Amino acid sequence: MKFSYKYAVVPALLVLAGCSSVQRDTPIQVWDDMKHQQKFKAQAPVVGIFADGRSNRLLPEDTVSRDGYRDDSPYNTGLENGMYVGKNPVPVTLELLEQGQAKFNIYCSPCHDQTGMGHGIVPSRVPTWQPSNLTEDRVVQFADGDIFNVITNGRRTMPSYQYQVVIADRWAINRALSASASAAAFLSWRASSLALAAAFRSSFFGLALAPSCGWFRPSTRSI
Ligand code: HEC
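Just so you know, the working numbering puts the end of the sequence shown at 232, numbered straight through with nothing missing.
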């Protein structure tokens, strides 16, 4: 008899039909390879072992995790004698500033934007939720521990970022913020001193004095 492919189609369809639906029952296992064995499941009650019906024992009262323990040092809390720490306890380095800038861009810029002005993507979608402008004088003058505290606990409508931003990163962000604030202050001071110098030189009095005032001439070097 000549073999016809027609006869192969029916068994093939029957076999494939087994794959068509989601299987909810445990498949038949010839060798179950320890995949199925008795165990305690986290939330399931256990009968007949412990009186409280739990499989896990509760921790003794007042147990503290060794890894999670932190003392009340200014580094960990941003506070000293109940007051915000005035100065960031971590010495400034280039790496720290870069770390702070990078973490700011990740965690803070969605709301505060990368310049800190508060025009991030979140307030552009939710106009009723406006972040503070971190470049305004009121915020620039915050104690370092105060900024640390805002990141740790949130403030008013700003949520806490203590779980996303670890302590080292909070101080790094703080350093990056104060560095950009002092850079901005320097630039505006410089802009005003240049303007003053220009006004001075263009005045008659200035014209007469300018040659003897070399220090007042604006430098052409870039900063
Ligand atoms: C989900 C949006 C959001 C993110 C992300 C966010 N903030 Fe804010 N932030 C706000 C809002 C909103 C306010 C204004 C709170 C208010 O006045 O109700 C604010 C206020 C602040 C203030 C000023 C508090 C004051 O008294 O005006 C500081 C400082 C600040 N944020 C720092 C940060 C830093 C640093 C980060 C990153 C770790 C960050 N924020 C991330 C929304 C955000």
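Backbone N, C-alpha and C define an ideal beta-carbon position, used for all residues, glycine too. Model, not experiment: these values are computed from the prediction.
Quick check on the DSSP output: what are the complete alpha helix (DSSP H) runs of length 4 or more inside the stretch 48 to 131, in order along the chain? 83 to 86, 103 to 112 and 118 to 121
So is P227 buried or exposed if we call it buried at 16+ other beta carbons inside 10 Å? Here residue 227 corresponds to residue number 218 of the sequence shown, with the count starting at 1. Caution applies to P227, whose pLDDT of 48 falls short of 50 and renders its modelled position unreliable; the value that the coordinates give is listed next. That one is exposed.
Contact the stretch 60 to 76 vs the stretch 156 to 170: 3+ CB pairs below 8 Å: no
What's the C-alpha gap between G223 and A206? By one-based count along the sequence shown, residue 223 stands at place 214. By one-based count along the sequence shown, residue 206 stands at place 197. Legend: pLDDT at G223 = 49, less than 50; position of this residue unreliable, no value from coordinates given.
Is the closest heavy atom of the ligand HEC to the C-beta of L67 under 7 Å? For the purposes of this step, residue 67 is taken as the residue at position 58 of the sequence shown. No, Cβ of L67 sits at least 7 Å from all heavy atoms of the ligand HEC.
G127 vs Q139 beta-carbon contact at 8 Å: The count along the sequence shown starts at 1 and reaches residue 127 at position 118. The count along the sequence shown starts at 1 and reaches residue 139 at position 130. Going by C-beta atoms, G127 is nearer than 8 Å to Q139.
Helix, strand or coil for R134? Go by DSSP, reduced to three states. Taking the first residue of the sequence shown as 1, we reach residue 134 at position 125. Here R134 sits in helix by DSSP.
Could you compute how far the alpha carbon of N158 sits from the alpha carbon of G57? The residue given as residue 158 occupies position 149 in the sequence shown. The residue given as residue 57 occupies position 48 in the sequence shown. The alpha-carbon atoms of N158 and G57 are separated by roughly 49 Å.
Nearest to A185 (by Cα), restricted to the options S141, D34, R63 and Q123: By one-based count along the sequence shown, residue 185 stands at place 176. For A185, the nearest C-alpha among the options comes from Q123.
For N85, count neighbouring C-beta atoms within 10 Å of its own C-beta (all shown protein chains included) and say buried if the count is 16 or more, exposed if not. Position 76 of the sequence shown, counted from the first residue, corresponds to residue 85. That one is exposed.
Quick one: residues in its chain with C-beta nearer than 6 Å to the C-beta of D155, no 5 flanking neighbours on either side, listed in chain order? As a first step, residue 155 is located in the sequence shown; it is residue number 146 there, counting from the start. The residues are Y93.
What first and last residue would you give for the alpha helix (DSSP H) that runs through T161? Here residue 161 refers to the residue found at position 152 when the sequence shown is read from its first residue. Its alpha helix (DSSP H) spans residues D153 to N162.
Is it the case that the stretch 173 to 185 contacts the stretch 97 to 117, given that we only count it when at least three CB pairs across the two stretches are under 8 Å? yes
Would you check whether the ligand HEC has a heavy atom nearer than 7 Å to the C-beta of Y116? Residue mapping note: residue 116 aligns to position 107 of the sequence shown, counting from 1. Checking every heavy atom of the ligand HEC against the Cβ of Y116, one is found closer than 7 Å.
Considering just the uninterrupted stretch of the alpha helix (DSSP H) at D146, what are its terminal residues? The residue labelled residue 146 in the question sits at position 137 within the sequence shown. Residues D146 to V149.
What is the rounded straight-line gap between the Cα of V149 and the Cα of A60? The count along the sequence shown starts at 1 and reaches residue 149 at position 140. The count along the sequence shown starts at 1 and reaches residue 60 at position 51. Taking the straight line joining both Cα atoms gives about 59 Å.
Would you check whether the ligand ZN has a heavy atom nearer than 7 Å to the C-beta of Q139? Among the ligands modelled here, namely the ligand HEC, the ligand ZN does not occur.
Strictly by DSSP, which residues pair up with M167? As a first step, residue 167 must be located in the sequence shown, where it is residue number 158. As DSSP reads the structure, M167 sits in a beta bridge with R164.
Pull up the distance between the alpha-carbon of D42 and that of S141, whole angstroms please. Numbered from its first residue, the sequence shown carries residue 42 at position 33. Numbered from its first residue, the sequence shown carries residue 141 at position 132. One C-alpha to the other measures close to 59 Å.
Residues in the same chain with beta-carbon distance under 6 Å from A190, minus the five sequence neighbours each way, listed in chain order, please. Position 181 of the sequence shown, counted from the first residue, corresponds to residue 190. For A190, where only same-chain residues beyond five positions count, the Cβ hits under 6 Å are V149.
Is the beta carbon of H121 within less than 7 Å of some heavy atom of the ligand HEC? As a first step, residue 121 is located in the sequence shown; it is residue number 112 there, counting from the start. True, at least one ligand heavy atom lies under 7 Å from that Cβ.
Roughly how many angstroms separate the alpha carbons of C39 and K48, rounded to a whole number? Walking along the sequence shown from the start, residue 39 turns up at place 30. Walking along the sequence shown from the start, residue 48 turns up at place 39. Note that residue 39 is Val in the sequence shown here, rather than Cys. Approximately 21 Å between the Cα atoms of the pair.
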